[in-house]
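Colleague: Let me begin by handing over the structure; questions about it come next.
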Amino acid sequence: MSNLIKFGSVLLALSAGFIAAKWFNAPVQPTDLKALNDYCVVSSQTCVQQNVTIKANSDTVHPLIPSQLSVTWVDTAAKQLLLTLEGREMEMGKVKFILNRTSGDQFQGEVILPVCTSDEMTWVGELSDGSSSVKTAIRMKR
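Each number in the numbering used here corresponds to the 1-based position in the sequence shown with 2 added.
Set out below in structure tokens:
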């Protein structure tokens, strides 16, 4: 086999790998975020869904860095809320967090998301008081 054919084969394999890596790790496009219309996207801006108010201490969550969530859930007898999330763009299993009642209708908790290979990712799931739930999404950036 000539060196030219070997070199061409290696170049073709590297190019295919580069293109595949870009394709599989493509960042979420704004059009993809439109599909999250049914979700309360958690950020430093208050989000309200089904009379439940959710707010975080930042617009995006960073992997392995604690973020605080504050929730106002009127008319619930629950002592704590359960937040269940899973990766939207990448399968990373389910993560669960507890938010404890602080006073009245207020709940607070800490969210620490795992590291993934993508620079950005959306975690989707639900926040539940045990009898009802709201759809929730959190944006994560490295």
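Even glycine gets a Cβ: it sits at the ideal position worked out from N, Cα and C.
The structure presented is a predicted model; accordingly, all values stated were derived computationally and were not measured.
1. Where does Ser11 sit, in a helix, a strand or coil, going by DSSP?
2. Per DSSP, Lys57 is paired with what?
3. Asp61 and Ser46: beta carbons closer than 7 Å?
4. Pull up the distance between the alpha-carbon of Thr138 and that of Val54, whole angstroms please.
5. Helix, strand or coil: how does DSSP classify Leu84 here?
6. With H, G and I counted as helix, E and B as strand and the rest as coil, what does DSSP make of Leu115?
7. Could you work out which residue in Val43, Gly127, Asp40, Ala15 is closest to Val97 when comparing CA atoms only?
8. Mark Val50 as exposed unless 16 or more other C-beta atoms lie within 10 angstroms of its C-beta, in which case mark it buried.
9. Beta carbon of Leu115, beta carbon of Val44: below 7 Å?
10. What's the C-alpha gap between Asp77 and Asp107?
Modeller: So, from the data block:
1. helix
2. Ser72
3. yes
4. 11 Å
5. strand
6. coil
7. Gly127
8. exposed
9. no
10. Rounded to whole angstroms, the gap between the alpha carbons of Asp77 and Asp107 is 8 Å.
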